[in-house]
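Participant:
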Amino acid sequence: GQQGTVGMGIPGSISPYTGVVKNANSTWLNGQPFDKDLSLRLEREVRLANDANCLAVSEAVDGAAAGAQTVFAVIIGTGCGAGVALNGRAHIGGNGNAGEWGHNPLPWMNDDELRYRAEVPCYCGKQGC
């Protein structure tokens, strides 16, 4: 059969410099060149993008925001984040994190929650996220 390219939207961001996944709440993805690993297994090219960026581009191209110059799309699933599309193309920013806001507790935590967060770190290794 014919071989094609596999495209996949994933949580977290992909480093524009190394291709390594970072900041994914599906922690098994972090630190991995997931596209390269998957490409070897599937024996075809794999392209990865942040799932919220995929949503923003989809809405900008043929969704509710079709034709809009700027689209900010929010995705809520296993985590929450957002993607930005400018003129129908994903805008990832210098570090691949443009639009991301999912690491902010809303509303801000009370004293009990802050103490708990100090004892139980976030999946990213930091506290208070």
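Numbered as in this note's numbering, the sequence shown ends at 779 without a single skipped number. C-beta atoms are modelled at their ideal positions from N, C-alpha and C, and glycine is treated no differently.
(1) CA-CA distance, M658 and E695?
(2) DSSP three-state label for T677, please.
(3) Looking at A716 and A723, is the spacing between their C-beta atoms short of 9 Å?
(4) Who does A720 pair with in a DSSP beta bridge?
(5) Check for me: the alpha helix (DSSP H) holding A702 runs from which residue to which?
Facilitator: Based on what the coordinates show:
(1) 11 Å
(2) helix
(3) no
(4) Checking the sequence, you will find Thr at residue 720 rather than Ala. DSSP lists L736 as partners of T720.
(5) D701 to D712
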